[in-house]
Amino acid sequence: MTVSFFDKQIDRIGTWAEKYEARQTVFGRADVEPLWVADMDFATPPFVINALTERLAHPVLGYTQAPEAVAQSVCDWQLRRHDWQTQTQDLVWLGSVVSGLYLAVQALTQPDECVMVFTPVYPPFMKAVIDNSRQLVTVPLLNINQRYQLDFTAIESYMCSRNITLLLLANPHNPSGRVWSKETLNTLAGLCLKYHVKVVSDEVWSDLILDQRTKHIPFASICADISAQTVTLGSTSKTFNLAALQTGYALITNAVLRQKFRRQHTLTRASEPNLLGLHALQAAYSDDGVRWLADLLMYLHGNLALVASELSGSGVDMMMPEASYLIWLDFTQRFEAQSDLVRWCVDVCSLGLSSGTHFGEVGKGFMRLNMALPRSRLALALASLKSL
Ligand SMILES: Cc1ncc(COP(=O)(O)O)c(C=O)c1O
Numbered sequence: 017m018t019v020s021f022f023d024k025q026i027d028r029i030g031t032w033a034e035k036y037e038a039r040q041t042v043f044g045r046a047d048v049e050p051l052w053v054a055d056m057d058f059a060t061p062p063f064v065i066n067a068l069t070e071r072l073a074h075p076v077l078g079y080t081q082a083p084e085a086v087a088q089s090v091c092d093w094q095l096r097r098h099d100w101q102t103q104t105q106d107l108v109w110l111g112s113v114v115s116g117l118y119l120a121v122q123a124l125t126q127p128d129e130c131v132m133v134f135t136p137v138y139p140p141f142m143k144a145v146i147d148n149s150r151q152l153v154t155v156p157l158l159n160i161n162q163r164y165q166l167d168f169t170a171i172e173s174y175m176c177s178r179n180i181t182l183l184l185l186a187n188p189h190n191p192s193g194r195v196w197s198k199e200t201l202n203t204l205a206g207l208c209l210k211y212h213v214k215v216v217s218d219e220v221w222s223d224l225i226l227d228q229r230t231k232h233i234p235f236a237s238i239c240a241d242i243s244a245q246t247v248t249l250g251s252t253s254k255t256f257n258l259a260a261l262q263t264g265y266a267l268i269t270n271a272v273l274r275q276k277f278r279r280q281h282t283l284t285r286a287s288e289p290n291l292l293g294l295h296a297l298q299a300a301y302s303d304d305g306v307r308w309l310a311d312l313l314m315y316l317h318g319n320l321a322l323v324a325s326e327l328s329g330s331g332v333d334m335m336m337p338e339a340s341y342l343i344w345l346d347f348t349q350r351f352e353a354q355s356d357l358v359r360w361c362v363d364v365c366s367l368g369l370s371s372g373t374h375f376g377e378v379g380k381g382f383m384r385l386n387m388a389l390p391r392s393r394l395a396l397a398l399a400s401l402k403s404l
C-alpha cells in the first residue's frame, strides 16, 4: 500500500454521508469543510471491499447467522493486537457500539441507581444514562498541562456517597485521544472492585494507537475479578472505516452478566448481526488488516505532526492525542461564549467542527477536529484556523 492511497481525494457528496449531508442542518451552511462526524474520508480497505463484492455476487441476502469462525476472528484479533485472551462464547453481536452502551445501562442497572461517566466524553455515554432514566454522575477529568487525568479523589468520594453501580469508560478516550496507562486503569479497577461498580469499557478506538510509547490495555484484561464485572465493547467501524455497516460486539466473560445483557438484547429486539458487516469484519481482522492498519497509522501520524506544527504558536492550543484521529482543540483563552466560538469556526474559518459542549459542560471553550482526511485538505483547514 502506498501512502497515496490516503492522499486520494474522494468525493462523498451524494453518497448519503452524514458528515456531508447534514451540514446545512447542523452548521447552517452546506459548504463548511466537514471535520466533525468520526469517520474517515479515506477509502475502506480494498480487501474489505473485495470481500463484500464477492459476497454480493451471490444474489440472496436473507437472514443471517454469524458463524463461529467470525467470532473467532474477533478473539484472534484481541489476542494479536492487545494480548487479551477471550473466547467466542464471551461474544454478543451488536448492531452498533452505542446500542451496547444502551443495553448495558438497561440490563445492569435499576432506575434509582447512578451511572458514572468522566467528562468530557462522547455524547451517547451521557444520553444512554439519561434516556434510560438512570441518575447520571459526571466526574470532570483533570486537565494537567493539556493531558487529561482521572480525578481519583472525586471518583472515590462519589463511589462512597452515591449509589453508583455502573461506570461507562471510554478506553481510549474520546474526545481527547488519551490512552489510559496501566497504572491509571489498575487504580480505577481497584476502586470499582472496592465499591462493586460494574464497568462498560468502550474500546472502539483501541486499534488506532498513534503514540508508540503508549499501549492500549483492555480494561477486562487487568485481572479476573475486574473482568467478571466488565462489559467490553468493540467494533471494526473506526479502524477500518466501516461505520455504515453497523456491526459491533460485546465481550463479556462473566456468564451471569452476559446472560443479563443477552436477555435485554432479546427484550428490546436489538438488531441482529449484519451480513455485510460480518463479512467486512472477517476480512478486516486479518493479516491484510494488520498491514493496512500500519499504513493508516503512519499516515495519521503525518497528519498529526502537521496539525501540531501548524497550530504551534497560533493561539489555538490542542491536546496531543495518543490514539484516534480526533483532536481536542482548546480555545478557552480566546472565547468566552461557546456560541461565539462555534460561529467563528463556521463563519470565519468555514469549518464544521464538533462543539465541545456536546461532550459535557466541561467542554466549554473546546472544539473537536477530525483529522482523518487527505493531508492537502487538512492543511487548508488548518490555514483557516490560524486566522485567529
Ligand atoms: C467512544 C465511541 N463509542 C462508540 C462510537 C460509535 O460506535 P458505533 O457507530 O458502533 O455505535 C463512537 C463514535 O465516534 C465513539 O467515539
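Residue numbers (this note's numbering): 17 to 404. Idealized CB from N, CA, C, for every residue including glycine.
Check whether the Cβ atoms of residue i and residue j sit closer than 8 Å, and answer yes or no.
{"i": "residue 222", "j": "residue 188", "result": "yes"}
{"i": "residue 304", "j": "residue 63", "result": "yes"}
{"i": "residue 158", "j": "residue 339", "result": "no"}
{"i": "residue 289", "j": "residue 263", "result": "yes"}
{"i": "residue 135", "j": "residue 166", "result": "no"}
{"i": "residue 220", "j": "residue 254", "result": "yes"}
{"i": "residue 65", "j": "residue 130", "result": "no"}
{"i": "residue 294", "j": "residue 86", "result": "yes"}
{"i": "residue 315", "j": "residue 387", "result": "no"}
{"i": "residue 27", "j": "residue 391", "result": "no"}
{"i": "residue 236", "j": "residue 248", "result": "yes"}
{"i": "residue 258", "j": "residue 310", "result": "no"}
{"i": "residue 375", "j": "residue 140", "result": "no"}
{"i": "residue 61", "j": "residue 226", "result": "no"}
{"i": "residue 393", "j": "residue 49", "result": "yes"}
{"i": "residue 238", "j": "residue 186", "result": "no"}
{"i": "residue 98", "j": "residue 232", "result": "yes"}
{"i": "residue 106", "j": "residue 373", "result": "no"}
Check whether the Cβ of residue i lies closer than 7 Å to any heavy atom of ligand 1, and answer yes or no.
{"i": "residue 32", "result": "no"}
In its own chain, which residues sit with a C-beta less than 7 Å from the C-beta of residue i, not counting the 5 before and 5 after it?
{"i": "residue 177", "result": "none"}
{"i": "residue 146", "result": "152"}
{"i": "residue 45", "result": "39 and 362"}
If you drop the 5 nearest sequence neighbours on each side, which residues of the same chain put their C-beta closer than 8 Å to that of residue i?
{"i": "residue 92", "result": "301"}
{"i": "residue 128", "result": "151 and 179"}
{"i": "residue 332", "result": "345, 346, 347, 350, 401, 402 and 404"}
{"i": "residue 207", "result": "168, 171, 172, 175 and 213"}
{"i": "residue 88", "result": "104"}
{"i": "residue 405", "result": "Outside the shown range of the chain, which is 17 to 404, sits residue 405, and nothing can be said about it."}
Please tell me whether, using a cut-off of 7 Å, the distance from the CB of residue i to the nearest non-hydrogen atom of ligand 2 is below it.
{"i": "residue 224", "result": "Ligands present in the displayed structure are limited to ligand 1, and ligand 2 is not among them."}
So, for residue i: in the same chain, excluding its five sequence neighbours on each side, which residues have a beta-carbon less than 6 Å away from its beta-carbon?
{"i": "residue 162", "result": "335"}
{"i": "residue 182", "result": "124, 125, 131 and 214"}
Pocket of ligand 1 (residues with CB nearer than 6 Å to any heavy atom), chain order:
54, 112, 113, 114, 138, 186, 190, 218, 220, 251, 253, 259 and 264
If we count Cβ pairs, one from each stretch, closer than 8 Å, do we get three or more for the region 248-265 versus the region 109-128?
yes
Using 8 Å as the cut-off, can you tell me whether the region 123-139 makes contact with the region 269-288, which would need three or more C-beta pairs spanning the two stretches below that distance?
yes
Touching by the beta-carbon criterion (3+ pairs, under 8 Å), the region 363-375 and the region 319-329:
no
Between the region 209-220 and the region 347-355, are three or more C-beta pairs nearer than 8 Å?
no
Cβ contact check for the region 267-279 and the region 71-82: 3 or more pairs under 8 Å
no
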